[in-house]
Amino acid sequence: MGFNHYYKPKKKFKREYYYQDDTNYSYQPNSPWISVAKKILNNPKLKTFLFIAVLLLVIILIIVISLLFPLINKLIDYVSVNGLEGLVNLIVDFLNKIWKGTQ
Numbered sequence: 001m002g003f004n005h006y007y008k009p010k011k012k013f014k015r016e017y018y019y020q021d022d023t024n025y026s027y028q029p030n031s032p033w034i035s036v037a038k039k040i041l042n043n044p045k046l047k048t049f050l051f052i053a054v055l056l057l058v059i060i061l062i063i064v065i066s067l068l069f070p071l072i073n074k075l076i077d078y079v080s081v082n083g084l085e086g087l088v089n090l091i092v093d094f095l096n097k098i099w100k101g102t103q
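What the sequence shown shows, in the working numbering, is residues 1 to 103, in sequence order.
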């Protein structure tokens, strides 16, 4: 009646007769990164997504640097005129104003 499969001996795998891919099992600490890199290399959609993400990140980084460039130039000019001691005094005065608040 359909119960014959319960009485058959179960087929168990034998270790010496099967192929096991052990690329995901290693004792190296960077093995998760290797498997992620393999997945990225094998997936074209993921490759294009990561390429676009890295490209956007580089563009944003260039924009931020170009916006902060005048501030960096002013900071370098201030340090060249007043030295590092003047910069430290400026920072300490600013922090004292914040600490004391408006009185």
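Think of the CB as a built atom: it goes at the ideal place given N, C-alpha and C, for glycine as much as any other residue.
Sub-8 angstroms separation of residue i and residue j beta-carbons
{"i": "residue 40", "j": "residue 50", "result": "yes"}
{"i": "residue 78", "j": "residue 67", "result": "no"}
Could you pull out every unbroken alpha helix (DSSP H) segment of at least 4 residues lying fully inside the segment 31-88, listed in chain order?
Scanning the segment 31-88 from its first residue to its last, the whole alpha helix (DSSP H) runs of 4-plus residues come out as 31-42.
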